[in-house]
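Novice: Have a look at this one before I ask anything.
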Amino acid sequence: MPFPPGGTTDYVTRLVAAELGKSLGQTVVVENRPGAGTVIGVDNVAKSAPDGYSFVTVANSFCVNQTLVKKLPYDSVKDLRPVALMGLSEHVLATHPGSGLKTVADIQAQYKAGKPLSYASFGNGTSAHLAGEMLKTALNAPNIVHVPYKGQAPALADLLGGQVSMMFGNWPEFRGHVGSGKLVAIGMATAQRSQYAPDIPTLAEQGAKVESNSWNGMLAPAGVPDDIVQRVNAAVNQALKAPMVAEALNKGGIADKSGTPAQFGAFIQSEIARYAQVIRQAGITQEG
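Numbered per my numbering, the sequence shown spans residues 65 to 352.
What follows is the structure, given as structure tokens:
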């Protein structure tokens, strides 16, 4: 687990791991090894023995790093192989009630009026950062300021305090604040209206085509045999359908994305290409 405890990927991984232990007849240990934007934990597994006992769960940053990190110690495609995509959390663009922003049109009006606008993110190169850059491109608003934080929690704290104008964040962590009125949902960064928030319009409906989310999935070292990958993939898919896990995911607003290793591999390739285009267009670097 290349993230600290407590995040969405950690939550989904631990739910799945508990069920994996039952179906595989093995003790499954989740070890948090964060650092360097997930590079440390991913590199550790990429260089592990391909014996089927070491796996890593990754998120969007895995695909971002292939373009963003200049000297990546592993090759995202050659040194690791896809096992299973697990869950996906949709992003919402939200703001503080005192910001005067309720719609995309409000953002455009404030920008044209020369009022300062900023957006927070989980950190440089994160999905929330790239979503903000997509929004700037969609609105032709290059001077909206990016304010990076070390994780979603501190960024959300400042959004709740009104220190930043807006932020893309995971719907599971934002929906309570939206429901209580502490935050205003400007729009969902989804292609169609979300099943978890059907009353909130998409950004695309309002003229800003931005699709963003946070997903998580499992990888193995490249040399792990096909039969092991297929067995673990089947066990992960079975775990996602287990009543306790399915209920927890649905309650948390996390979509079950079970499928084959090949489907996850194609998804990874498309995400690497998608993020590479955003990174190059926006001129994003590791330094910020």
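Yeah, the Cβ is synthetic: ideal placement off N, Cα and C, and Gly gets one too.
Starting from LEU283, trace the beta strand (DSSP E) both ways and give me its first and last residue.
Specialist: From DSSP, the beta strand (DSSP E) with LEU283 extends over 277–285.
Novice: Take VAL94 as the anchor and find which of GLY85, ARG78, GLY101, LYS86 has the nearest alpha-carbon.
Specialist: ARG78
Novice: Quick one: what's ALA159 bridged to in DSSP?
Specialist: Note on identity: in this sequence residue 159 is Thr, with Ala being the wrong assignment. Answer is MET230, VAL248.
Novice: Would you kindly check if the distance between the Cβ of VAL122 and the Cβ of TYR339 is under 8 Å?
Specialist: no
Novice: Should ALA195 and ALA253 be called a contact, given that it needs their Cβ atoms to be closer than 8 Å?
Specialist: yes
Novice: Using CA atoms only, rank isn't needed, just tell me which of GLY189, PHE232, LYS179 is closest to LEU199.
Specialist: PHE232
Novice: Return the residue from the list ALA306, THR324, GLN333 that minimises the CA-CA distance to GLY85.
Specialist: The residue with the shortest Cα to Cα distance from GLY85 is ALA306.
Novice: THR201 lies in the alpha helix (DSSP H); which residues open and close that run?
Specialist: Annotation: the continuous alpha helix (DSSP H) that includes THR201 extends over 191–203.
Novice: Decide if the region 133–140 is in contact with the region 307–322; the criterion is three or more beta carbon pairs, one per stretch, under 8 Å apart.
Specialist: no
Novice: Over what stretch of residues does the beta strand (DSSP E) that includes TYR183 continue unbroken?
Specialist: 182–185
Novice: Check whether the Cβ atoms of LEU181 and GLN172 lie closer than 8 Å to each other.
Specialist: no
Novice: Pair every Cβ in the region 203–213 with every Cβ in the region 237–255, then say whether three or more of these pairs are closer than 8 Å.
Specialist: The answer is no - the region 237–255 does not touch the region 203–213, with fewer than three Cβ pairs under 8 Å.
Novice: Pick out whichever of VAL288, PRO212, PRO236, ASP222 has its Cα sitting closest to the Cα of PRO427.
Specialist: Only positions 65 to 352 of the chain appear in the structure, and residue 427 is not among them; the question remains open.
Novice: Tell me whether ILE336 sits in a helix, a strand or coil according to DSSP, three-state version.
Specialist: helix
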